[in-house]
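Student:
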Amino acid sequence: DIEKLSDLEKMGILGQGGGGTVYKVVHKKTATIYALKVLLLDRDYGSIRKQAAREAGILKRVDSEYIIRCHAILDDGFSDMAAKSGGKCLCFVMEYMEGGSLQEVLRARQRLPETEISGFARRVLEGLRYLHGMKIVHGDIKPSNLLVNDKGEVKIADFGVSRVAVGAGDCDSDIGTCAYMSPERFDPERWGGGDGAANGFAGDVWSLGVVVLECHVGHFPLIGVGRIPDWVTLMCAICFGEMPEMPETTSPEFRSFVLRCLERDWRKRGTVSELLGHPFCE
Ligand code: ATP
Ligand code: MG
Numbered sequence: 042d043i044e045k046l047s048d049l050e051k052m053g054i055l056g057q058g059g060g061g062t063v064y065k066v067v068h069k070k071t072a073t074i075y076a077l078k079v080l081l082l083d084r085d086y087g088s089i090r091k092q093a094a095r096e097a098g099i100l101k102r103v104d105s106e107y108i109i110r111c112h113a114i115l116d117d118g119f120s121d122m123a124a125k126s127g128g129k130c131l132c133f134v135m136e137y138m139e140g141g142s143l144q145e146v147l148r149a150r151q152r153l154p155e156t157e158i159s160g161f162a163r164r165v166l167e168g169l170r171y172l173h174g175m176k177i178v179h180g181d182i183k184p185s186n187l188l189v190n191d192k193g194e195v196k197i198a199d200f201g202v203s204r205v206a207v208g209a210g211d212c213d214s215d216i217g218t219c220a221y222m223s224p225e226r227f228d229p230e231r232w233g234g235g236d237g238a239a240n241g242f243a244g245d246v247w248s249l250g251v252v253v254l255e256c257h258v259g260h261f262p263l264i265g266v267g268r269i270p271d272w273v274t275l276m277c278a279i280c281f282g283e284m285p286e287m288p289e290t291t292s293p294e295f296r297s298f299v300l301r302c303l304e305r306d307w308r309k310r311g312t313v314s315e316l317l318g319h320p321f322c323e
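Under the UniProt record's numbering, the first residue of the sequence shown carries the number 42, and numbering increases by one thereafter.
#1: Where Asp289 and Glu106 are concerned, what is the direct C-alpha to C-alpha distance, given to the nearest angstrom?
#2: Cα separation between Val313 and Cys322?
#3: When we look at the beta-carbon of Arg310 and count the other beta-carbons within 10 Å, is it buried (16 or more) or exposed?
#4: With H, G and I counted as helix, E and B as strand and the rest as coil, what does DSSP make of His319?
#5: Could you tell me which residues DSSP puts in a beta bridge with Lys196?
#6: Using a 10 Å radius around the Cβ and a threshold of 16 neighbouring Cβ atoms, would you call Lys196 buried or exposed?
#7: Can you say whether Trp272 is buried or exposed, counting buried as having 16 or more other CB atoms within 10 angstroms of its CB?
#8: So does Gly174 have its beta carbon nearer than 7 Å to some heavy atom of ligand 2?
#9: In the DSSP assignment, find the unbroken beta strand (DSSP E) run with Tyr107 in it and report its ends.
#10: Please tell me whether, using a cut-off of 7 Å, the distance from the CB of Asn240 to the nearest non-hydrogen atom of ligand 1 is below it.
#11: List the whole-angstrom C-beta distance separating Leu303 from Arg170, where the pair is believed to meet the contact cut-off of C-beta under 8 Å.
#12: Could you tell me if the beta carbon of Gly98 falls within a distance shorter than 7 Å of some heavy atom in ligand 1?
#13: Would you mind giving the Cβ-Cβ distance between Cys130 and Leu81, rounded to the nearest angstrom? I have them listed as a contact below 8 Å.
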């Protein structure tokens, strides 16, 4: 029943990313709170429109309790925003996640207990099973794209770089996104098996491995604390680095789970269904 942007009133900004701005809004008629993601399509560098349409297409198709729900897609221009940019924008009216992103949770709490990580991991894997079943590669699993609601449940968000699987994708230029990227995506020639053999599904599992390890150790785990990652450091850590050390108190189940996710050879890496049956997730 949300038909136009004037049905909504802005309450504040929830986040800002490469893709656009996310506002907290209220639906005037029902007083329901939503998150509104606004993608500006004014300066089109060629791919923004195409990617926005792809994100919209995916949001329309998915229907899962493990994925952020999109209640409406509006493209009639967000009055002032559109006016400022002198052009159009595409807006997604999404379910509001009270707890913010896992990135914010980690900023506040630094480390999470294994039981909590296990619950998160299970839900993300369920979400990936659903997406992969529809041939959708998320492609950008990282703390800022995993959102938490008031029940403490995690859901997958942000299909800004997602795609329907065809072959290996291009490496993103955003270093924040690259940090969670798999070796085969970083360096397809060496790790992908040539000809874009890696389909991208295994890359989502790698990213999940980095995320759960980060929740456990309290910082981005592939590079030492306090180092500002540059391209070369990051690439070396992902493609050739030693497996990061885990605290002695780490359970064997957690260790084994992380090792199955962070297997460099994507063909040997744990699959989503294998990991859903892993003792850490049970
Ligand atoms: P990036 O390029 O940084 O990945 P983006 O522009 O593609 O971001 P999103 O990842 O969808 O946009 O959202 C950016 C941020 O806004 C999230 O990290 C989160 O903090 C907040 N946010 C997004 N959607 C919601 C929501 N439904 N409920 C609450 N907060 C949200
Ligand atoms: Mg994001």
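Think of the CB as a built atom: it goes at the ideal place given N, C-alpha and C, for glycine as much as any other residue.
Bear in mind that the values here come from a model prediction, so they are computed numbers and not experimental data.
Tutor: This is what the structure holds:
#1: Going by the sequence as given, residue 289 is Glu instead of Asp. Their backbone Cα atoms lie some 35 Å apart in a straight line.
#2: Going by the C-alpha atoms only, they are around 11 Å apart.
#3: Burial call: buried.
#4: In the structure shown, His319 sits in coil (DSSP, three-state: anything other than H, G, I, E or B).
#5: According to DSSP, Lys196 bridges with Leu188.
#6: Buried is the call here.
#7: It counts as exposed.
#8: No, ligand 2 has no heavy atom inside 7 Å of this Cβ.
#9: Note, Tyr107: premise wrong, no beta strand (DSSP E); not H, not E.
#10: Not a single heavy atom of ligand 1 lies less than 7 Å from the C-beta of Asn240.
#11: Contact between Leu303 and Arg170 does not hold, since their C-beta atoms are separated by about 19 Å, which reaches or exceeds 8 Å.
#12: No, the Cβ of Gly98 stays beyond 7 Å of every heavy atom of ligand 1.
#13: Correct: roughly 5 Å between the Cβ atoms.
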